[in-house]
Structure formats: C-alpha cells, structure tokens
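Each step along the sequence shown adds one to the number in our numbering, with nothing skipped, and position 203 is 188.
Idealized CB from N, CA, C, for every residue including glycine.
Let me begin by presenting the structure, written as structure tokens, before commenting on it.
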Amino acid sequence: FGDDLAGRVVAKGASVKDYELGDPVYGMDMRPRTASLAERARISQDCIAHMPEALTFNQAAAMPLAALTALQGLRLGGAASGKSVLIIGASGGVGSFAVQIAKSLKLQVTGVCSGKNTSFVLGLGADAVIDYTQGDYRKCGEKFDIVFDVTSFETPKTCSALLKKSGFFISTGGHGKTAVATRLYKLMGRNAKLVIVQPNHNDLVTLSNLVKEGQLRPVIDSVYSIDDSEAAYQRSRSGRSRGKVIIEVKK
C-alpha cells in the first residue's frame, strides 16, 4: 500500500545524478512496487523532487498525489488567468490544493463544501463558497469556465447547468458512473475529461516553487502511526477529512 512518500535517500542507482544520500525528497508512484507504507521504499528519480525546505516530512508527504491531481486536472480544463472555476469538494485533500493552485493561476474560484468548512475554504483563497447543505448547488444560477469535481459524484450531465457554452467538466473519476459518463461525453465531442494523475518530476518542481513563493501549503487533517494505518484509511475514505490524512512511518 501507499503512493505518496517523503523521506531521505538511503541508497541510489548508478544512473541517479541529481540526488545524494541523505537528501530529503518527496514524490509519488502508483505502481505496486513503490509500496510507500513502509520504512523503506523504492521509486524512480523521475517520480520525485527535492523536498521544499519550508516543509516537514509530514507536510511534504501530504502533497504529491493530491496536489498533482489538482494541478493536472486544472491544466486539462484549460485553466488560465481570468477564467472561473467551481471546485466541488473544496475542503478535502485534492480540493484544498485545487483552490490554492487555481488562485496562483489567477482564476476566480468558487468552492463547494459544507457550511462548517466555509471559513476554511475562504482561508485557502477561494473568492466564494457554496454550502451544499443549504440547497442544490447545481441550481445556483452561475456558470463557470471549469467545473472540477474532485468528489467524483457528479457527471457532465448533472453539472450541465453550471457550465458556460465552451466550459470544461473535469472529474477525478473515482466512481464508476462518473468515469463512464465522462468518457462517453468526451467521445461525443463534449468538453469533459477525467484526470488520471501521473507522477511527474517537473510538476513536483512547480509545486515546490509555489510552496517557496507562499502560494501553496499542505493542510493536514490528522496524523496516524503506521500501527493505526487502517484507521487512517477509514478516515480518508469517510469523506469528512479537512485536508490530508498522514501515516507517520518513522519519526
């Protein structure tokens, strides 16, 4: 188990030139051999980057998968200065990064979350928040250039009223219904895509630079020991976490 990681280099291959033993690094790789939920993990140099100096190991480990998903998803939707984006699930792991990255790209950001998380999402930089507990946000009457559903519960059809004529629907596609519907709409020539996160050194460097510039910060919901990893996964799957859930392998 485990995709994200942050730690120090303890061994390296002969072709690895950019990292030295002891260097703090972070990254992700979704291939089974990575198995980051362990004291030691093996990962390609193409899937990591030097850890931002301002971050702790826990903070750095919170970033790769969720922040890369946010960055690559916004890119798929054609994110650019002045455009508007609705982020569904703005208080969660991917959503909290998507809000910040979208603001760094100078988008107008509206987040969808529960009322109790309104202040949190506004604090991340969102220009506006829609409380989904107060009514159907899909009937809010606004239209956006990008609808980014990080919850994977919506489809291009259910969000059609939220999109401008040339707007893009982007989903993380975690639920079968959404994945099938989004692919179908894409085949029909509609602006709908699934973001399937890819490990990418250059994208990690982009994230590191945003951290350095003060435009991005990981938000940690909770920290569990490796012995309590099952509880950590349950918390993550609950859909109630605010930010990322961390498993601390070794202090």
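Let me check understanding here. Comparing Cα to Cα, which of the options lies closest to residue i?
i           : options               : result
residue 21  : 57, 178, 190 and -8   : -8
residue 44  : 11, 71 and 63         : 11
residue 149 : 139, 109 and 177      : 177
residue 59  : 190, 3 and 72         : 72
residue 179 : 162, 37 and 195       : 162
residue -13 : 129, 218, 226 and 235 : 218
residue 144 : 160, 122 and 165      : 122
residue 87  : 140, 208 and 195      : 195
residue 170 : 203, 155, 188 and 24  : 155
residue 198 : 37, 100, 51 and 55    : 37
residue 94  : 80, 76, 41 and 113    : 113
residue 127 : 70, 48, 105 and 108   : 70
residue 56  : 173, 26, 201 and 24   : 201
residue 66  : 203, 89 and 48        : 89
residue 42  : 64, 8 and 29          : 8
residue 25  : 40, -3, 48 and 2      : -3
residue 147 : 115, 102 and 106      : 115
residue 111 : 76, 125 and 137       : 76
Look up residue i in the DSSP assignment and say whether it is helix, strand or coil.
i           : result
residue 141 : coil
residue 9   : strand
residue 114 : strand
residue 28  : coil
residue 220 : helix
residue -9  : strand
residue 122 : helix
residue 51  : helix
residue 46  : helix
residue 1   : coil
residue 198 : coil
residue 23  : coil
residue 130 : strand
residue 213 : helix
residue 39  : coil
residue 226 : coil
Using beta-carbon positions only, say whether residue i and residue j come within less than 8 Å of one another.
i           : j           : result
residue 13  : residue 31  : no
residue 193 : residue 78  : no
residue 50  : residue 132 : no
residue 96  : residue 119 : no
residue 165 : residue 74  : no
residue 141 : residue 167 : yes
residue 84  : residue 109 : yes
residue 23  : residue 234 : yes
Under 8 Å by Cβ, that's how I've got residue i and residue j pegged, so tell me the actual separation to the nearest angstrom.
i           : j           : result
residue 205 : residue 231 : 6 Å
residue 34  : residue 190 : 5 Å
residue 224 : residue 153 : Going by Cβ atoms, the distance from residue 224 to residue 153 rounds to 24 Å, so no, they are not a contact pair.
residue 130 : residue 68  : 4 Å
residue -5  : residue 4   : Actually they are not in contact, since the Cβ atoms of residue -5 and residue 4 sit about 11 Å apart, beyond 8 Å.
residue 228 : residue 104 : Going by Cβ atoms, the distance from residue 228 to residue 104 rounds to 14 Å, so no, they are not a contact pair.
Considering only heavy atoms of the ligand GTP, does any lie closer than 7 Å to the CB of residue i?
i          : result
residue 95 : This structure does not include the ligand GTP; it has no bound ligands of any sort.
Practice item. Starting from the N-terminal side, write out each stretch of the alpha helix (DSSP H) that is 4 residues or longer and does not extend beyond the region 63 to 108. Key: 78 to 89 and 103 to 108
Exercise for review: Taking only runs that begin and end inside the region 153 to 190, name each unbroken alpha helix (DSSP H) of 4 or more residues, in chain order.
Suggested key: 161 to 172
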